[in-house]
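Position one of the sequence shown corresponds to residue 1 (the working numbering), numbered consecutively onward.
Before any comments, here is the structure.
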Amino acid sequence: MDWKIFGTAFLTLFLAELGDKTQLAVITMTASATSTQSKILVFAGAALALVAVTLLGVLFGAALTQVIPAEWLRRIAAVAFIVIGVLMLVKVV
């Protein structure tokens, strides 16, 4: 097992999700949960949703790398993030 890949994926997603709208939605749902069981169900539902979305990302990424080289995908993603950042700075988005 390549622990470096595991650690990088975990740390990247962990930091990206902190304060994310998904986390805020879970906080809201938990606040309205009346029992400990309800809170556990919110956690289980949110965890399963994140696992499912991540699985889709892995499957889609694996299929995409069969058509587009991984290096180009990294470049496309980098440019997309830069463009979004610039648009946010000039308050277009």
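C-beta atoms are modelled at their ideal positions from N, C-alpha and C, and glycine is treated no differently.
Note that the structure is a prediction, hence the values are computed from the model and not measured.
Inset, instruction - Evaluate contact between the stretch 80-92 and the stretch 47-67, counting only Cβ atoms and requiring at least three cross-stretch pairs below 8 Å. - result: No: fewer than three Cβ pairs fall under 8 Å.
Legend entry - For T22 and E71, the rounded distance between their alpha carbons: 29 Å
Legend entry - V67 to A77 span [Cα, whole Å]: 16 Å
Legend entry - Span of the alpha helix (DSSP H) around G57: 36-67
Legend entry - Three-way DSSP call (helix, strand, coil) for K91 in this model: coil
Inset, instruction - Would you tell me roughly how many angstroms separate the C-alpha atoms of K39 and V92, rounded to the nearest one? - result: 38 Å
Inset, instruction - Return the residue from the list L15, A46, F14 that minimises the CA-CA distance to T95. - result: Past the boundaries of the shown model lies residue 95; the chain is included only from 1 to 93, so the question cannot be answered.
Inset, instruction - Return yes when the Cβ of V53 is within less than 9 Å of the Cβ of V42, no when it is not. - result: no
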